[in-house]
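Colleague: First the structure, then my questions, so here it is.
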Ligand code: GLU
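Numbering (our numbering), first residue to last: 5 to 283.
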């Protein structure tokens with residue numbers, strides 16, 4: 005069993021991250037496995053070395069340990085580009101120059117996870133890709149290639165639940181995802197995350213339920229690329245209505261501030277409602 009905590013070093017860790025990280029390590033302990041730390045720093049404009057160092061400091065202070073070296077996504081760009089080339093060669097990618105404004109003006113509807121791309125650039129081929137274009141995955145072409153879609157197992161609800169992924173949901177509620185971002189050329193989370201989960205041989209993805217709705221993209225890419233599909237454990241967020249006690253804490257306050265004010269790791273666990281016994 006291998007799981008991972010995969011923060012983006014774009015700001016200080018707060019109590020929500022502490023809840024997620026402690027849950028990852030608790031699940032690893034419960035299932036007799038290993039928890040890895042992965043730095044998801046593909047957003048080059050927002051990622052900072054100081055935030056990365058803060059992640060190491062905060063997690064170590066919480067008493068967590070992880071194998072080294074830590075995988076950093078900015079070190080893997082060539083590999084992600086190779087994966088993009090594979091998808092492009094199979095006719096599954098297209099270049100897109102649309103701005104958010106143009107997407108709205110084209111009548112995009114709000115889907116489950118934001119705007120559903122209306123397909124303005126879908127007719128374009130990689131041969132006419134321009135500098136600065138985004139690259140999008142053509143879901144209809146993917147579905148034609150895959151046939152029946154893989155399902156995934158969700159463990160975060162007490163009993164394992166098998167989730168079938170419906171083509172209608174993908175097309176109608178999510179839409180063609182960006183795998184390489186416009187202008188910056190940054191690799192998108194939708195590609196880097198399942199790539200790394202596969203290459204780090206992650207068996208269990210433990211993360212917040214806010215990412216549940218994007219899991220179908222990741223499972224689709226796993227199917228397309230012949231990668232294993234891990235089991236998923238989406239935990240509740242401490243921002244949920246999970247009790248008055250939790251509602252009273254300042255969720256946006258940096259963990260390091262609580263530390264500076266003299267809080268102990270046990271205090272943090274108590275604040276976010278995690279049992280000490282599972283430390
Ligand atoms: N890097 C993502 C975040 O900080 C987490 C990705 C994941 O766990 O799949 O929200």
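Note that beta-carbon positions come from the ideal geometry of N, C-alpha and C, so glycine has one too.
So for residue 174, helix, strand or coil by DSSP?
Modeller: On the chain shown, position 170 is the one that residue 174 refers to. It is helical.
Colleague: Between the alpha carbons of residue 249 and residue 278, how many angstroms are there, rounded?
Modeller: Walking along the chain shown from the start, residue 249 turns up at place 245. Walking along the chain shown from the start, residue 278 turns up at place 274. Unreliable positioning characterises residue 249 in this predicted model, as indicated by a pLDDT of 49, which lies under 50. A coordinate reading is not provided.
Colleague: So residue 236 is in the alpha helix (DSSP H); what residue range does that whole segment cover?
Modeller: Against the chain shown, residue 236 aligns to sequence position 232. Counting along the chain, residue 236 falls outside any alpha helix (DSSP H), though it belongs to the beta strand (DSSP E) covering 235–239.
Colleague: Assess, as a yes-or-no matter, whether the region 213–222 is touched by the region 50–70 under the definition of 3 or more beta carbon pairs within less than 8 Å.
Modeller: With a cut-off of 8 Å, the region 213–222 and the region 50–70 do not count as touching, because too few Cβ pairs lie within range.
Colleague: What three-state label does DSSP hand residue 257 in the structure shown?
Modeller: Residue mapping note: residue 257 aligns to position 253 of the chain shown, counting from 1. Coil, per DSSP.
Colleague: Mind checking whether the beta-carbon of residue 44 lies closer than 7 Å to any heavy atom of the ligand GLU?
Modeller: Here residue 44 refers to the residue found at position 40 of the chain shown. Yes, Cβ of residue 44 sits closer than 7 Å to a heavy atom of the ligand GLU.
Colleague: Tell me the DSSP secondary structure of residue 191 in three-state form.
Modeller: Here the question's residue 191 lines up with position 187 in the chain shown. Note: residue 191 maps to strand in three-state DSSP.
Colleague: Less than 8 Å separating the beta-carbons of residue 206 and residue 7?
Modeller: For the purposes of this step, residue 206 is taken as the residue at position 202 of the chain shown. For the purposes of this step, residue 7 is taken as the residue at position 3 of the chain shown. In contact: residue 206 and residue 7 (Cβ atoms closer than 8 Å).
Colleague: Leaving out the 5 sequence neighbours to the left and right, which residues in its chain are closer than 6 Å to residue 271 when beta-carbon positions are compared?
Modeller: The residue labelled residue 271 in the question sits at position 267 within the chain shown. Cβ neighbours of residue 271 beyond the five flanking positions: none.
Colleague: Can you tell me whether residue 6 sits near the ligand GLU, meaning its C-beta is under 7 Å from at least one heavy atom of the ligand?
Modeller: Here residue 6 corresponds to residue number 2 of the chain shown, with the count starting at 1. No; taking the cut-off as 7 Å, the Cβ of residue 6 has no heavy atom of the ligand GLU nearer than that.
Colleague: In the structure shown, what three-state DSSP assignment does residue 246 receive?
Modeller: Within the chain shown, numbered from 1, the residue matching residue 246 stands at position 242. With a pLDDT of 47 at residue 246, under the threshold of 50, the modelled position of this residue cannot be trusted; read the value that follows with caution. Reduced to three states, the DSSP call for residue 246 is coil.
Colleague: With which residues is residue 43 paired in a DSSP beta bridge?
Modeller: Start at 1 with the first residue of the chain shown, and residue 43 comes out as number 39. According to DSSP, residue 43 bridges with 76.
Colleague: Does DSSP put residue 106 in a helix, a strand or coil?
Modeller: For the purposes of this step, residue 106 is identified with residue 102 of the chain shown, where counting begins at 1. Three-state result, residue 106: helix.
Colleague: Would you give the residue range spanned by the alpha helix (DSSP H) that residue 285 belongs to?
Modeller: Given a span of 5 to 283 for the chain in the structure shown, any question on residue 285 remains unanswerable.
Colleague: In or out: residue 166 buried (at least 16 other Cβ within 10 Å) or exposed?
Modeller: By one-based count along the chain shown, residue 166 stands at place 162. Answer is exposed; the Cβ neighbour count stays below 16.
Colleague: Are the region 111–120 and the region 169–188 touching, with three or more C-beta to C-beta distances below 8 Å?
Modeller: Cβ pair count under 8 Å is three or more, so yes.
Colleague: In the structure shown, what three-state DSSP assignment does residue 209 receive?
Modeller: Here residue 209 corresponds to residue number 205 of the chain shown, with the count starting at 1. Strand.
Colleague: Output needed for residue 28: all residues of its chain with C-beta closer than 6 Å, excluding positions within five of it in sequence on either side, in chain order.
Modeller: For this step, residue 28 is matched to residue 24 along the chain shown. So the qualifying residues of the chain are 7, 9, 39 and 210.
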